[in-house]
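Everything below concerns the one structure shown next.
Pasting the structure below:
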């Protein structure tokens, strides 16, 4: 097959549409991770939260025959899950990382355990007639050539996810609540003396991050796929954290970083036809993150040294 | 002068004896506390089991007595504990230096990969083959640990993010080499050929996969203990973990220590990978470890990061894992309840519920003993 | 404030029947040495602490200031030495934080900037409202802190050591700003130990010493001598029995040391001195005049901007702590809890941190002889009278005095060529203090060059064979016969009121 045709086959509209779909379960927890990180309580349990929400959504929608009830229950579960994490860390003074890991274990085991008890199946919930969130077809957008199939016809949550980027941005930089949150993360002492309740703000940040991650989980089991599988989040909760750092801890940057991870994932599968091992492409975002992390740290050090040198020069000049 | 000294000594000796006794009490109390945590967690698990199964007692009996019910099962228990011991040692080392490196998973994969490469691509007589494979694994784990170690030590880069990312890179590299080089060409499956007899850890119990790597694990326990408590580097590690400013003030090169802690932890982690590859499976396959490294973290936690306690914590932890599998097979109760039990254990250990209360009492007691 | 007494739970009497009155619209300076009680008094006024006894009256009404919020409501604002600012936020954002102008949850950014600019204009405090805090100089950051208090309606402003981090130009700007504030009807309380500055800007001055008020006078009536005497004179003179020093050659040579911090503050302006073997060379001075930086540079914990340090002809400038220690330098740090000891580690482990890597503690380069460690620790515990039942006791269980003895045991048992001791008797009981003093003299008599840096004037005067005084990053005086000095005289130099013409 001529290379041109192969490439056209790969970089197709289907791929592009796929990228948006694949990015969503990374973007949503990433935004959650961003909020929690900016408040100084980085949420390591995004993975577990997503998993739990994915599971609850499937179960409730199957038993109530309502996708919306499933969504509501999933978000409620995610919120409670995050409250537990917040309580254990903020009030019981447990280490945030270890508590997060514990919550992930809890979700991972708990979901499969309950699924097995309900359906007798340890792998998937296919027994349950769970529902999905609706797909949205936008008439105007639909008819645009090339972009049409990408922008229209996606699951509702995909649109919500990208909309969230804007909402999170407004929240963080234009509302009082968001400003307090950022202050608490940047300098808790300053926030405290300004009268802000640091503990309460951190509680709120963790619950918000849980809700966003929960939404991502719902997308996975009620949009991306139509069932729940054990450990179906496959590390997305941690990739989300990487996306936060790669994106410079800013909503828009996080979005692009999430897109990078999503694109690599979508592309990797397609590249089989070019006889390039997909693992190379899969690795790219991670290597990029490490390199970015290193570059950032080195740059910071250089900046400090430069400032010192400039001061010294000014010193020598004035002597 | 002499009179004063003589008078001081008997009083001193009595005080010292009192202090030693107090310390032993503390250590015992710590063990009791960890065990009670496990008991509480098991209790909670039982309550949940009652709700989901009509034969909860039978299920729990399977969980608690299962691993002992046959020699084969005991073998499986010990084999699992071997891997977890090595992973627990890896975390104990980095946690001693207060570094939050989660690189063990990646180091495990690279260790398995290195061992597998030597096993399949190199030819050598018996023990030498095995030895070289182990060395290669250890070297791979060590070198890999240098990367986030150097980034943290010299540039202050956050080690949690970098190690998590590098883990994925390691696993992908493993998948890559396995799929495109090490698996038999044209095969429809993704695992390598079985390793030659010169490159495997001999199994010695019929019905289970327990193998001679057990002795490697024991050796690692001793070596790690020696490292942490009997070498200057171990001292530096402990001081960096106790108070970084103090270590620097005292002359310790804290950056070198931070970097080395992550690298050295790679050796037991990589050897855990070698154990899986050359002992348990005797070939390379995909997903050779499904997040086992995180379980190693829990083991280290339970053992208070002390190398000599790690094997016991690993045995306890593995017991629950194997028991869970048996419970599932015989009583149809999901083994994942064990996950929930594990989560409860972690939460109790890290939350200050039991620890804080005890620590305050401990401080008061020691101060009292110190006069 | 009348009859204010504050006794802390550990028994320290920070304020002893203090009467302090401030008149509306004045700039009132509150001066005293470290530990005189001035910061405590202001903490009581701002609600950060509660008085054990006494009452506070504001405009004639008795008030209870339970916490800073109450203080703010009463119109009292405080600018601390450590700024409470969020580096990534702008000036305007920091000022309105907690009391933001908002519309249904959304920040009104224009209003924030407007408020900032109005306040700045009204009080003559120049700031760039839209600039990020981490890009502006320290002087402006301080103005932001002041504007914060003004935004919350402060009528009385307390400034705690405001000029500590400022350049001379910024200090002038600050004084102009304070004068403007007073013209607008505000009252300013200025905590400082820099008498020269107080005289330049204050209307009245209250001097505190050892928790008591020594007097309040209008600045015009206060001569430098009177002030110094009130601040520094002590009732009991400390006497340390010490044989005369036998001075040898210079061992520690410091030449033209300069240090500029990240914020541009020049902490050391060309410090030079020599310490000879067999002598105790003391550096007196109020804390915050560069002593911390000096000690850290000498011991390898900080990198100097310029200058050299030599130890017995070996250049040790900007070397690692280990190199400096190997060259023969010991260091008793000013904050033992921060880096002098490792609290969770045992006494034995704390003692060997400077020698664990060599024989007899380490054999063949990799085997540590824990038996030797234990033995050495026990010997040292005996020699230095460290009260603990066993060398395995974690250091966190020891009292302050015992902890310091661990530090001394370690640093003095190395037979150092030079010893740098910073605030060696801070926070420890009398017995341990006397012990420490004896040990310093003992090590001196064994030929070490001892550099004693202490904010405790009586200590440094009693112990030093030669005495220098440090002020604002410079050595302003060196005395060869400190025994002939009075504390008041030294005080004048410490407070920046006098300096020697030629300092050697």
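Protein chains in written order, with our numbering: chain A, 122 to 440; chain B, 19 to 389; chain C, 5 to 508. We treat Cβ as the ideally placed atom computed from N, Cα and C, and that holds for glycine.
Start and end of the alpha helix (DSSP H) containing residue i?
i, result
"residue 210 of chain C", "Element bounds for residue 210 of chain C: not the alpha helix (DSSP H) but the beta strand (DSSP E), 208-213."
"residue 303 of chain C", "Counting along the chain, residue 303 of chain C falls outside any alpha helix (DSSP H), and DSSP gives it neither H nor E."
"residue 363 of chain C", "No alpha helix (DSSP H) contains residue 363 of chain C, which DSSP labels as neither H nor E."
"residue 47 of chain C", "42-50"
"residue 272 of chain C", "Note, residue 272 of chain C: premise wrong, no alpha helix (DSSP H); beta strand (DSSP E) at 270-280."
"residue 226 of chain A", "217-240"
"residue 263 of chain A", "260-263"
"residue 359 of chain A", "357-367"
Which stretch, first to last residue, makes up the beta strand (DSSP E) that contains residue i?
i, result
"residue 315 of chain C", "310-315"
"residue 164 of chain C", "160-164"
"residue 216 of chain C", "216-222"
"residue 7 of chain C", "6-11"
"residue 257 of chain C", "254-264"
"residue 204 of chain A", "No beta strand (DSSP E) holds residue 204 of chain A; the alpha helix (DSSP H) holding it covers 188-207."
"residue 471 of chain C", "470-475"
Relative to the C-alpha of residue i, which residue among the options is closest?
i, options, result
"residue 321 of chain B", "B:36, B:46 and B:80", "B:46"
"residue 346 of chain B", "B:61, B:64, B:60 and B:80", "B:80"
"residue 80 of chain C", "C:72, C:379 and C:38", "C:72"
"residue 362 of chain A", "B:333, B:187 and B:179", "B:179"
"residue 142 of chain C", "C:349, C:172, C:370 and C:388", "C:172"
"residue 201 of chain C", "C:489, C:27, C:32 and C:423", "C:32"
"residue 132 of chain A", "A:267, A:307 and A:428", "A:267"
"residue 82 of chain B", "B:365, B:250, B:359 and B:366", "B:359"
"residue 406 of chain C", "C:368, C:421 and C:355", "C:355"
"residue 59 of chain B", "B:49, B:171 and B:363", "B:363"
"residue 382 of chain C", "C:372, C:373 and C:393", "C:393"
"residue 295 of chain B", "B:151, B:122, B:157 and B:109", "B:151"
"residue 269 of chain C", "A:194, A:404 and A:428", "A:428"
"residue 286 of chain C", "C:82, C:454, C:57 and C:16", "C:454"
"residue 30 of chain C", "C:294, C:223, C:411 and C:132", "C:223"
"residue 292 of chain B", "B:114, B:69, B:158 and B:44", "B:158"
"residue 303 of chain C", "C:318, C:424, C:477 and C:236", "C:424"
"residue 385 of chain A", "A:161, A:391, A:423 and A:402", "A:402"
Look up residue i in the DSSP assignment and give the residues it is bridged to.
i, result
"residue 116 of chain B", "Paired residue(s): none; residue 116 of chain B is not in a bridge."
"residue 372 of chain C", "C:366"
"residue 458 of chain C", "C:288"
"residue 342 of chain C", "Answer is none; residue 342 of chain C lacks a bridge partner."
"residue 209 of chain B", "B:303"
"residue 335 of chain B", "Answer by DSSP bridge pairing: none, since residue 335 of chain B is not bridged."
"residue 229 of chain B", "B:221"
"residue 61 of chain C", "C:66"
"residue 82 of chain C", "C:162"
At a cut-off of 7 Å, would you count residue i as near the ligand GDP, judging by its Cβ distance to the nearest heavy atom?
i, result
"residue 362 of chain B", "For the ligand GDP, the structure offers nothing, since it holds no ligand at all."
(Q) Three Cβ pairs or more, each shorter than 8 Å: is that satisfied between the region 257-275 of chain C and the region 305-318 of chain C? (A) Touching, yes, given that three or more Cβ pairs across the two stretches are closer than 8 Å.
Q. Using a beta-carbon distance cut-off of less than 8 Å, what residues from the region 193-221 of chain B approach chain A?
A. Only those residues of the region 193-221 of chain B whose C-beta falls short of 8 Å from the nearest C-beta of chain A are listed: 193, 194, 197 and 198.
(Q) Under 9 Å, CB to CB, which of the residues in the region 273-298 of chain A have a partner in chain C? (A) 291, 294, 295, 296, 297 and 298
**Q.** Residues of the region 236-252 of chain B with Cβ closer than 9 Å to any Cβ of chain C, in chain order
**A.** 244, 247, 248, 249, 250, 251 and 252
(Q) I'd like to know if the region 101-121 of chain B and the region 315-333 of chain B are in contact, where contact means that at least 3 CB-CB pairs between them fall below 8 Å. (A) yes
Q. Are the region 82-97 of chain B and the region 259-273 of chain B touching by the rule of at least three beta carbon pairs closer than 8 Å?
A. By the Cβ criterion, the region 82-97 of chain B is not in contact with the region 259-273 of chain B, since fewer than three pairs of Cβ atoms, one from each stretch, lie closer than 8 Å.
Q) the region 160-176 of chain A: which residues have C-beta closer than 8 Å to a C-beta of chain C, in chain order? A) Going along the region 160-176 of chain A in chain order, one finds no residue with a Cβ nearer than 8 Å to chain C.
Q) On the three-pair Cβ rule with 8 Å, is the region 274-291 of chain A touching the region 144-156 of chain A? A) Yes, the region 274-291 of chain A touches the region 144-156 of chain A.
Q: Check each residue of the region 261-279 of chain B: if its Cβ is closer than 8 Å to any Cβ of chain C, include it; give the result in chain order.
A: Using a CB distance below 8 Å, the part of the region 261-279 of chain B facing chain C consists of 261, 263, 264, 265, 266, 267, 268, 269, 270 and 271, ordered along the chain.
Q: Give the residues from the region 226-257 of chain A that approach chain B closer than 7 Å (Cβ to any Cβ), ordered along the chain.
A: 226, 227, 229, 230, 231, 233, 234, 237, 238 and 243
Q) Using 8 Å as the Cβ pair cut-off and three pairs as the minimum, do the region 214-232 of chain B and the region 286-302 of chain B touch? A) The count of Cβ pairs closer than 8 Å, one atom from the region 214-232 of chain B and one from the region 286-302 of chain B, reaches three, so the stretches are in contact.
Q: Pair every Cβ in the region 169-187 of chain B with every Cβ in the region 406-416 of chain A, then say whether three or more of these pairs are closer than 8 Å.
A: yes
Q.
What are the residues in the region 105-129 of chain C lying within 7 Å of chain A by C-beta distance?
A. 106, 109, 110 and 111
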